[in-house]
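The block underneath contains the structure these notes are about, expressed in structure tokens.
There are 2 protein chains.
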Amino acid sequence: MYEVFFRKFNEKVALLPEEEEFLKQYLTPKKLRKKQYLLQDDDVCKYSCFVEQGALRAYLVDEKGDEHITAFALEGWTIADLSSFIRQEPATLNIDALEDCELVLISKSAHDELMLSMPKYETYFRILITDAYLALQQRTTNIISLSSEQRYKVFTQMYQSIFQRVPQHMIASFMGLSPETLSRIRGRISKKK
Amino acid sequence: MYEVFFRKFNEKVALLPEEEEFLKQYLTPKKLRKKQYLLQDDDVCKYSCFVEQGALRAYLVDEKGDEHITAFALEGWTIADLSSFIRQEPATLNIDALEDCELVLISKSAHDELMLSMPKYETYFRILITDAYLALQQRTTNIISLSSEQRYKVFTQMYQSIFQRVPQHMIASFMGLSPETLSRIRGRISKKK
DNA sequence: CCAAAGCATTGACTTTTGTCAACGACCGTT
DNA sequence: AACGGTCGTTGACAAAAGTCAATGCTTTGG
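The listed protein sequences correspond, in order, to chains P and F.
For reference, each letter of the first sequence is one residue, going 1014 to 1206 in the working numbering.
For reference, each letter of the second sequence is one residue, going 1014 to 1206 in the working numbering.
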């Protein structure tokens, strides 16, 4: 239990056995079936969610009712509506399972306590959020500066593990394109080769 | 000297007078004239840059030579090519001054030392980067899910302090639009009212 | 104080993307 | 084996954004 979580944690900050035990008290395991919600918008995001096994997505629904995927999470990744989690305000994101999942949850109160009582947790979180920022920065930069064809190529390489497991129309959504446009781009690229 | 820096720092993490003195040793003041570079791409980003006074922008130049602004920074904000700063790899961003500036620089080595020797610095940075992540997330979400007209309205409110000081074509770039398109959107909006 | 540069706007046109609809393939379930 | 659902692709058309060029206005630097 919690294998992947502690492996990833130790990659960032090495823990002593007794520290692992201490930390374990604050963790909650959870299983989620495919299509189940972890979070629905307007609820407050009570947990930061680490993925031991499976895949999830975060998305928002706009005025027209269209879904826009903002993030995927596979094994070893953490997902949440961070804004809602930090501020304990209603979420704008929905999060649901794309596959059956095994998760490790950390509640906001556990997060706050750990932040105060366990400096290594703060360091872990600091590194986690820094990495997340860098990834998001990269993604945003790509969206702004690349043509959709270049963007598809870059995303394909950058997120190959995701692209292999997720239907194409979700990738289109993640890239900010309609499914038809993505399909046409793929057509154009494969013709060229 | 460093007034704004310490005011902002204390808003996040309260410092004792002797802690301020300690921290001061690691800070470097710098003045920059309008149009001067703080960072050019392919150089390594050696400093995290806090703005005491003035305004800067970060942007990247694509294959065609077009500029894409990824961030602005006014008084009280911090700016850097974070990816380059953290990993000490060549930068993809350029940073230059939009107005004459007074800056407070923290070198990478100072940053690393402070991270180890001064827990409050780690906490400061953790809060800083969390806020930056939330802002970037919000911005990215807006880009993906809003029409350009809605986006302009949202950006206008969200970044009014920037919009007042920066030429419109830079705002267009920041929004991922051509200057002409932004001008037409503004035209449409003002007609409606 | 004047010339040059930067800036915002507008028009005409092109390119890109979205939308709507139809079709066929594949999948799991019953 | 048959069914409904999801998915990816394609075509025809509409909407949005980009491009290029011209204009007039303001700012600025010598």
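The C-beta atom is built at its ideal place from N, Cα and C for all residues, glycine as well.
The structure displayed is predicted, hence computed values, not measured ones.
{"query": "Cα-Cα, which of 1068/P, 1060/P, 1058/P is closest to residue 1174/P?", "result": "1068/P"}
{"query": "If you draw a straight line from the alpha carbon of residue 1178/F to that of residue 1023/F, how long is it in whole angstroms?", "result": "27 Å"}
{"query": "Does the CB of residue 1164/P have a neighbour CB from chain F at under 7 Å?", "result": "no"}
{"query": "Between residue 1058/F and the ligand FAD, is the CB less than 6 Å from at least one heavy atom?", "result": "Absence of the ligand FAD is noted for the structure shown, with no ligands found whatsoever."}
{"query": "Taking only beta-carbon atoms, is residue 1067/F less than 7 Å away from chain P?", "result": "no"}
{"query": "With distances taken Cα to Cα, identify the nearest neighbour of residue 1161/F among 1100/F, 1083/F, 1188/F, 1074/F.", "result": "1188/F"}
{"query": "Compute the beta-carbon to beta-carbon distance between residue 1037/P and residue 1015/P, rounded to the nearest angstrom, for a pair I have assumed lies under 8 Å.", "result": "7 Å"}
{"query": "Between residue 1149/P and chain F, is there a C-beta pair that is closer than 7 Å?", "result": "yes"}
{"query": "If you run the structure through DSSP and keep just helix, strand and coil, what is residue 1106/P?", "result": "coil"}
{"query": "Who are the neighbours of residue 1146/P on chain F, taking C-beta pairs under 8 Å?", "result": "1095, 1142, 1145, 1146, 1149"}
{"query": "Would you check if there are 3 or more beta carbon pairs closer than 8 Å linking the region 1050-1057 of chain F to the region 1089-1105 of chain F?", "result": "yes"}
{"query": "DSSP state of residue 1046/F, grouped into three classes?", "result": "coil"}
{"query": "Below 8 Å on the Cβ atoms is my guess for residue 1092/F versus residue 1074/F; work out the distance and round it to an integer in Å.", "result": "Rounded, the Cβ-Cβ distance is 17 Å, inconsistent with contact."}
{"query": "Along the region 1126-1138 of chain P, where does the CB come closer than 9 Å to a CB of chain F? Name the residues.", "result": "1128, 1132, 1135, 1136, 1138"}
{"query": "Going along the region 1044-1068 of chain F in order, which residues come within less than 8 Å of chain P, judged by CB to CB distance?", "result": "none"}
{"query": "Residue 1047/F to residue 1142/P, Cα distance in whole Å?", "result": "33 Å"}
{"query": "Going along chain F, which residues have a C-beta under 8 Å from residue 1099/P?", "result": "1143, 1147"}
{"query": "Cβ closer than 8 Å: which chain F residues qualify as neighbours of residue 1157/P?", "result": "1081, 1083, 1156, 1189"}
{"query": "With 7 Å set as the bound, which would you pick, yes or no: does the beta-carbon of residue 1091/P sit closer than that to a beta-carbon of chain F?", "result": "no"}
{"query": "Could you please give me the residues that DSSP links to residue 1074/F through a beta bridge?", "result": "1080/F"}
{"query": "Contact check, residue 1089/P vs residue 1167/P under 8 Å by CB: the rounded distance?", "result": "At roughly 22 Å, the Cβ-Cβ gap does not stay under 8 Å, so residue 1089/P and residue 1167/P are not in contact."}
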